[in-house]
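Notes for the one structure printed next.
There are 2 protein chains.
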Amino acid sequence: MSDQIPTQLRPVFFLSNRTAITAETLGQSLLAQFPDTRFTSVTIPFVDSEKKAHQVVEKINTAAARTQLKPIAISTMADQHISQIIGQSEALFLDVFDRFLPNLEQTLHAYSIHESGQSHRISNQSLYESRINAIDFSMIHDDGMTTKRYDQTDIIIVGVSRSGKTPTCLYLALQFGLKAANYPITEEDMDSEQMPASISHYHKRLFGLTSDPARLAHIREERRPNSRYASIEQCRFEVRAAEQMFDQYRIPYINTSLMSIEEIATKIVEVAGLHRISQPMINHLDVP
Amino acid sequence: MSDQIPTQLRPVFFLSNRTAITAETLGQSLLAQFPDTRFTSVTIPFVDSEKKAHQVVEKINTAAARTQLKPIAISTMADQHISQIIGQSEALFLDVFDRFLPNLEQTLHAYSIHESGQSHRISNQSLYESRINAIDFSMIHDDGMTTKRYDQTDIIIVGVSRSGKTPTCLYLALQFGLKAANYPITEEDMDSEQMPASISHYHKRLFGLTSDPARLAHIREERRPNSRYASIEQCRFEVRAAEQMFDQYRIPYINTSLMSIEEIATKIVEVAGLHRISQPMINHLDVP
Numbered sequence: 001m002s003d004q005i006p007t008q009l010r011p012v013f014f015l016s017n018r019t020a021i022t023a024e025t026l027g028q029s030l031l032a033q034f035p036d037t038r039f040t041s042v043t044i045p046f047v048d049s050e051k052k053a054h055q056v057v058e059k060i061n062t063a064a065a066r067t068q069l070k071p072i073a074i075s076t077m078a079d080q081h082i083s084q085i086i087g088q089s090e091a092l093f094l095d096v097f098d099r100f101l102p103n104l105e106q107t108l109h110a111y112s113i114h115e116s117g118q119s120h121r122i123s124n125q126s127l128y129e130s131r132i133n134a135i136d137f138s139m140i141h142d143d144g145m146t147t148k149r150y151d152q153t154d155i156i157i158v159g160v161s162r163s164g165k166t167p168t169c170l171y172l173a174l175q176f177g178l179k180a181a182n183y184p185i186t187e188e189d190m191d192s193e194q195m196p197a198s199i200s201h202y203h204k205r206l207f208g209l210t211s212d213p214a215r216l217a218h219i220r221e222e223r224r225p226n227s228r229y230a231s232i233e234q235c236r237f238e239v240r241a242a243e244q245m246f247d248q249y250r251i252p253y254i255n256t257s258l259m260s261i262e263e264i265a266t267k268i269v270e271v272a273g274l275h276r277i278s279q280p281m282i283n284h285l286d287v288p
Numbered sequence: 001m002s003d004q005i006p007t008q009l010r011p012v013f014f015l016s017n018r019t020a021i022t023a024e025t026l027g028q029s030l031l032a033q034f035p036d037t038r039f040t041s042v043t044i045p046f047v048d049s050e051k052k053a054h055q056v057v058e059k060i061n062t063a064a065a066r067t068q069l070k071p072i073a074i075s076t077m078a079d080q081h082i083s084q085i086i087g088q089s090e091a092l093f094l095d096v097f098d099r100f101l102p103n104l105e106q107t108l109h110a111y112s113i114h115e116s117g118q119s120h121r122i123s124n125q126s127l128y129e130s131r132i133n134a135i136d137f138s139m140i141h142d143d144g145m146t147t148k149r150y151d152q153t154d155i156i157i158v159g160v161s162r163s164g165k166t167p168t169c170l171y172l173a174l175q176f177g178l179k180a181a182n183y184p185i186t187e188e189d190m191d192s193e194q195m196p197a198s199i200s201h202y203h204k205r206l207f208g209l210t211s212d213p214a215r216l217a218h219i220r221e222e223r224r225p226n227s228r229y230a231s232i233e234q235c236r237f238e239v240r241a242a243e244q245m246f247d248q249y250r251i252p253y254i255n256t257s258l259m260s261i262e263e264i265a266t267k268i269v270e271v272a273g274l275h276r277i278s279q280p281m282i283n284h285l286d287v288p
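So the sequence lines, in the order shown, correspond to chains A and B.
Quick note: the first sequence uses the numbering used here, first residue 1, plus one each step.
Quick note: the second sequence uses the numbering used here, first residue 1, plus one each step.
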């Protein structure tokens, strides 16, 4: 069997006694290393009792019997007793805490508390609130709706329609706690070849997004089929005009065509030299 | 030194040749297991060349010299050559790929491609677009602004002002690709003791958020100090009325007071039996 391409999808379980977000994120990074293997994954959060652990084992073993493939279980299961129960299933069991905590305990000269999912609990109230405030801010300052609190913004994303401004701003706020506004560059701005007056005052906080005209046309076509807005000529014109404006005013910019929201947001933080707050649990007091 | 509480913060580095989101998420889960140790972390994404790797080593070693503490480096560095360079630093080097790929290769009878950060690249265009569409949908359907496309919604979050509806919806859209609307319960609705007509038709998609009155009052106080809106009496009244409505109409609900956005969103997906799409790279074809 091992030499054939299996017709069955390999079953994968992302498990945790809390949200399973860490297990899922990590697991996806690992599985992406095997592009020729086809997986089917299920995420099971809140596996926080013996009873639930036994149910998971049953699910794993049923999947193994059905597919005739050894399932993979990737977990953040800090409770060692529950971890041991899952470990008795037929899956290849890869637990983050099992693998990394012993080394950390040794280096830190401290025992771990063996409680999973602390990282997605609220442990620092003021940092948590600053993240919520960033989301509020980004919602209010979407699509140039208002510019009145631009003095408080960490970054102002500029670009043509459908270049990815809104998702990027929301991600910057949600994940990194940054106050991110966004401002659309309109045809009027392009014709005048001037930066809009409302943002020119905040020149140093501007960051541009651009896109390949063909990709932009494809995305716009979904939104308004057969429109001038979605035509390749219009997209070419707008992209060229926007990039000229970015160059003219020395606004840093990136082409988002082949980038995910995570990549765009991470790149902006890096290029603009911003400080990512991210999860509200670690002392982000200083850069070592 | 090992028996004393160090006065220095332990330096931690989250490293990757891509976004470092996985390294950061995982690292925070691990460090949260040591609540008595104080850390200071820095995230360095895009470590994708020998030159950058050597710069990272220098930063690590400088931090070690300054603090007299062994730094911790948590990484997703699929390029083995770069990984080896970082491994020569003075840090405890914990790399995800190092630890997990050998077992996976054995079980899958396949070699990994050793390319990091695949999981945050766009590999499935249509799934990626459905995530962007979910964000658009959730933005348009925030705060009851419109109800016209409620027939397409995956979930409608209801609750009083500042119970966490907006961040939860955005997270559901961004992270899980779900079309999440939210609708505020107003005093008028509470007085009439009736579910608002515009949402009663979508009864089965409703999910309620509630909060402890004291916590709610604290959050509202930040927004409108000394207002009736932020008074404990008003918060008590609204929470009680909202919970009564949830009970009366059998709308599932959770108290969000001590929960992070991640926990609220994960819990809703679980209780409402929704399917989390999450990152657009794995075949989510079926539940094993």
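Glycine residues also receive a C-beta, built at the ideal position from the N, C-alpha and C atoms.
7 Å Cβ cutoff, B/S112 in contact with chain A: Walking along the second sequence from the start, residue 112 of chain B turns up at place 112. Using a CB distance cut-off of 7 Å, B/S112 counts as an interface residue toward chain A.
Within 10 Å of its beta-carbon, does B/I254 have 16 or more other beta-carbons around it, so buried, or fewer, so exposed? Residue numbering aside, residue 254 of chain B sits at position 254 when the second sequence is read from its first letter. That one is buried.
Strictly under 7 Å for the Cβ-Cβ distance: is A/L127 near chain B by that measure? Working through the first sequence from its first residue, we reach residue 127 of chain A at position 127. Cβ-Cβ to chain B under 7 Å: no for A/L127.
Please identify, using Cβ separations under 7 Å, the residues of the segment 205–236 of chain A that lie next to chain B, in order along the chain. If the cut-off is 7 Å between Cβ atoms, the segment 205–236 of chain A has nothing near chain B.
Taking Cβ to Cβ, would you say B/I232 is nearer than 7 Å to B/A242? Here residue 232 of chain B corresponds to residue number 232 of the second sequence, with the count starting at 1. Here residue 242 of chain B corresponds to residue number 242 of the second sequence, with the count starting at 1. No.
From A/T266, A/T43 and A/T168, residue whose alpha carbon lies closest to that of A/S16: As a first step, residue 16 of chain A is located in the first sequence; it is residue number 16 there, counting from the start. Comparing Cα-Cα distances from A/S16 to each of A/T266, A/T43 and A/T168, the minimum goes to A/T43.
Under three-state DSSP, which class holds A/I74? On the first sequence, position 74 is the one that residue 74 of chain A refers to. Reduced to three states, the DSSP call for A/I74 is strand.
Where A/A197 and A/A181 are concerned, what is the direct C-alpha to C-alpha distance, given to the nearest angstrom? The residue given as residue 197 of chain A occupies position 197 in the first sequence. The residue given as residue 181 of chain A occupies position 181 in the first sequence. C-alpha separation (whole angstroms): 16 Å.
Tell me which residues share the same chain as A/I74 and place their Cβ nearer than 6 Å to its Cβ, disregarding the 5 neighbours each side in the sequence. Working through the first sequence from its first residue, we reach residue 74 of chain A at position 74. Excluding positions up to five away in sequence, the list reads F14, A23, G27 and L94.
Beta-carbon separation of B/I155 and B/T168 under 7 Å? Mapped onto the second sequence, residue 155 of chain B falls at position 155. Mapped onto the second sequence, residue 168 of chain B falls at position 168. No. Outside cutoff.
Quick one: measure Cβ to Cβ for A/M195 and A/Y111, integer angstroms, because I've assumed they're closer than 8 Å. Taking the first sequence and counting its residues from 1, one reaches residue 195 of chain A at position 195. Taking the first sequence and counting its residues from 1, one reaches residue 111 of chain A at position 111. By a beta-carbon distance limit of 8 Å, A/M195 does not contact A/Y111. Their separation comes to about 57 Å.
Might you give, ordered along the chain, the residues of its own chain that have their beta carbon closer than 7 Å to the beta carbon of B/P213, omitting 5 neighbours on each side? Counted from its first residue, the second sequence places residue 213 of chain B at position 213. So the list reads I232, C235, R236 and V239, once near-sequence residues are dropped.
Three CB pairs or more closer than 8 Å across the segment 174–190 of chain A and the segment 137–154 of chain A: The segment 174–190 of chain A, when compared against the segment 137–154 of chain A, does touch it at the 8 Å Cβ threshold.
Give the residues of chain C in contact with A/Q248, contact being defined as C-beta atoms less than 9 Å apart. Structure shown: chain C not included; protein chains present are A and B.
Give every residue of the same chain whose Cβ lies closer than 6 Å to the Cβ of A/A20, excluding the five residues on either side of it in the sequence, and list them in chain order. Position 20 of the first sequence, counted from the start, is the residue given in the question as residue 20 of chain A. Only F14, T43 and P45 meet the Cβ criterion.
Whole-number beta carbon distance between B/I268 and B/F207, since they are thought to touch under 8 Å: Locating residue 207 of chain B in the second sequence gives position 207, where the first residue counts as 1. Locating residue 268 of chain B in the second sequence gives position 268, where the first residue counts as 1. Contact annotation, B/F207 with B/I268: C-beta distance approximately 5 Å; criterion of less than 8 Å satisfied.
Chain B beta carbons: is any one of them nearer than 7 Å to that of A/S16? Taking the first residue of the first sequence as position 1, residue 16 of chain A is located at position 16. Not one chain B Cβ lies under 7 Å of A/S16.
Please report how far the alpha carbon of A/K70 lies from the alpha carbon of A/S41, in whole angstroms. By 1-based counting over the first sequence, the position of residue 70 of chain A is 70. By 1-based counting over the first sequence, the position of residue 41 of chain A is 41. Approximately 13 Å, taken between the alpha carbons.
Boundaries (first-last residue) of the beta strand (DSSP E) holding B/L206: On the second sequence, position 206 is the one that residue 206 of chain B refers to. It spans L206 to T210 - the beta strand (DSSP E) in which B/L206 sits, taken as one unbroken run.
Within 7 Å (strictly less), CB to CB, does A/Q194 reach chain B? Translated into positions along the first sequence, residue 194 of chain A becomes position 194. Output row for A/Q194: interface = no.
Reduced DSSP secondary structure (H/G/I, E/B, other) of A/I86: Here residue 86 of chain A corresponds to residue number 86 of the first sequence, with the count starting at 1. DSSP places A/I86 in helix when its eight states are reduced to three.
Please list, in chain order, all residues of the same chain as B/F246 whose beta carbon is under 6 Å from its beta carbon, the five residues on each side excluded. Translated into the one-based positions of the second sequence, residue 246 of chain B becomes position 246. If the five residues before and after B/F246 are omitted, its C-beta is found closer than 6 Å to the C-beta atoms of G208 and Y253, all from its own chain and listed in chain order.
In chain A, which residues lie less than 8 Å from B/T166 when you measure between Cβ atoms? Along the second sequence, read from residue 1 onward, the residue named residue 166 of chain B stands at position 166. Per Cβ cutoff of 8 Å: I135, D136 and M139.
Simplified DSSP assignment, three categories, for B/R220: As a working note, residue 220 of chain B is residue 220 in the second sequence. Correct three-state label for B/R220: helix.
Would you mind reading off the limits of the beta strand (DSSP E) that contains A/S16? In the first sequence, the residue the question calls residue 16 of chain A occupies position 16. Run containing A/S16: R10 to S16, per the beta strand (DSSP E) assignment.
What residue from B/T67, B/T153 and B/T256 has the CA that sits closest to B/R38's CA? Here residue 38 of chain B is taken as the residue at index 38 of the second sequence, counted from 1. For B/R38, the closest C-alpha among the options B/T67, B/T153 and B/T256 is that of B/T67.
Could one say the Cβ of A/R99 lies closer than 7 Å to chain B's Cβ atoms, at least one of them? Taking the first sequence and counting its residues from 1, the one referred to as residue 99 of chain A is at position 99. Yes, A/R99 lies at the interface with chain B (some Cβ there is under 7 Å from its Cβ).
Under the assumption that A/S161 contacts A/T210 (Cβ atoms under 8 Å), give the Cβ distance between them as a whole number of angstroms. In the first sequence, counting from the first residue as 1, residue 161 of chain A sits at position 161. In the first sequence, counting from the first residue as 1, residue 210 of chain A sits at position 210. In this structure A/S161 is not in contact with A/T210, their Cβ atoms being roughly 12 Å apart against a cut-off of 8 Å.
Check each candidate in A/G159, A/L170, A/T256 and A/R205 and name the one with the smallest Cα separation from A/M190. Locating residue 190 of chain A in the first sequence gives position 190, where the first residue counts as 1. Residue A/G159 is the option with its Cα nearest to A/M190.
List the DSSP bridge partners of A/Y183. As a working note, residue 183 of chain A is residue 183 in the first sequence. According to the DSSP secondary-structure assignment, A/Y183 is paired through a beta bridge with A/V158.
For a cutoff of 7 Å on Cβ pairs, would you count A/F34 as touching chain B? On the first sequence, position 34 is the one that residue 34 of chain A refers to. So, interface residue.
Check the C-beta distance from B/Y171 over to A/L174 and give it rounded, since I have them as a contact under 8 Å. Locating residue 171 of chain B in the second sequence gives position 171, where the first residue counts as 1. Locating residue 174 of chain A in the first sequence gives position 174, where the first residue counts as 1. Indeed they touch by this definition, with Cβ atoms about 6 Å apart.
Alpha-carbon to alpha-carbon, A/V96 and A/L30: Here the question's residue 30 of chain A lines up with position 30 in the first sequence. Here the question's residue 96 of chain A lines up with position 96 in the first sequence. In this structure, the CA atom of A/L30 is about 12 Å from the CA atom of A/V96.
Grab the span of the alpha helix (DSSP H) containing B/I261 for me, first residue to last. Counting from one through the second sequence, the residue named residue 261 of chain B turns up at place 261. Note, B/I261: alpha helix (DSSP H), I261 to V271.
Could you tell me the alpha carbon to alpha carbon distance between A/T266 and B/V12, rounded to whole angstroms? Translated into the one-based positions of the first sequence, residue 266 of chain A becomes position 266. Translated into the one-based positions of the second sequence, residue 12 of chain B becomes position 12. The alpha-carbon atoms of A/T266 and B/V12 are separated by roughly 19 Å.
Straight-line gap, B/S192 to B/Y229 (C-alpha atoms, nearest Å): As a position in the second sequence, residue 192 of chain B is number 192, starting the count at 1. As a position in the second sequence, residue 229 of chain B is number 229, starting the count at 1. So the two alpha carbons sit approximately 19 Å from each other.
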